[in-house]
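Student: Structure below; questions to follow.
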Amino acid sequence: MSPRNRDLLVLTKKESMKPGELEHEVELLVDLLYHVEQMDAFCTANELIDLNRYKIIQKPHLIKQALREKKLKPFVFISNNN
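In the numbering used here, the protein residues as written are -8 to 73.
In structure tokens:
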């Protein structure tokens, strides 16, 4: 999906906006989402809980490796650190 081709619902507190102001806000959101949705940021913000081995995996390269496997293992969960 192209970073410029996405559906966003933008809610504002302002009742009226200038014509270019909304487009500017959407461009800023798209740029922000581009950086946040990358795999490195995802692996930094999440961890794997492996109940088979009773381990919590927090290293980004190990999380990437587990997510790229074609067949997912049962009882391995992705947990957000927030």
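Heads up, the beta-carbon is just placed ideally off N, CA and C, and yes, glycines get one too.
1. Taking the alpha carbon of I54 as the point to measure from, which residue in A36, L42, Y45 has its own alpha carbon closest?
2. Looking at the secondary structure, which residues open and close the alpha helix (DSSP H) in which V67 lies?
3. Might you give, ordered along the chain, the residues of its own chain that have their beta carbon closer than 6 Å to the beta carbon of K4, omitting 5 neighbours on each side?
4. For a test of the three-state rule: what should DSSP assign to K55, helix, strand or coil?
5. What are the boundary residues of the alpha helix (DSSP H) that D41 is part of?
6. In its own chain, which residues sit with a C-beta less than 8 Å from the C-beta of L(-1), not counting the 5 before and 5 after it?
7. Tell me which residues share the same chain as C76 and place their Cβ nearer than 7 Å to its Cβ, disregarding the 5 neighbours each side in the sequence.
Tutor: On the basis of the data shown:
1. Cα-wise, what sits closest to I54 is A36.
2. No alpha helix (DSSP H) contains V67, which is instead part of the beta strand (DSSP E) from 67 to 71.
3. Result list for K4: empty, nothing under 6 Å.
4. Reduced to three states, the DSSP call for K55 is helix.
5. Element bounds for D41: not the alpha helix (DSSP H) but the beta strand (DSSP E), 37 to 41.
6. The residues are V17, L20, V21.
7. Absent from the structure is residue 76, since the part of the chain shown begins at -8 and ends at 73.
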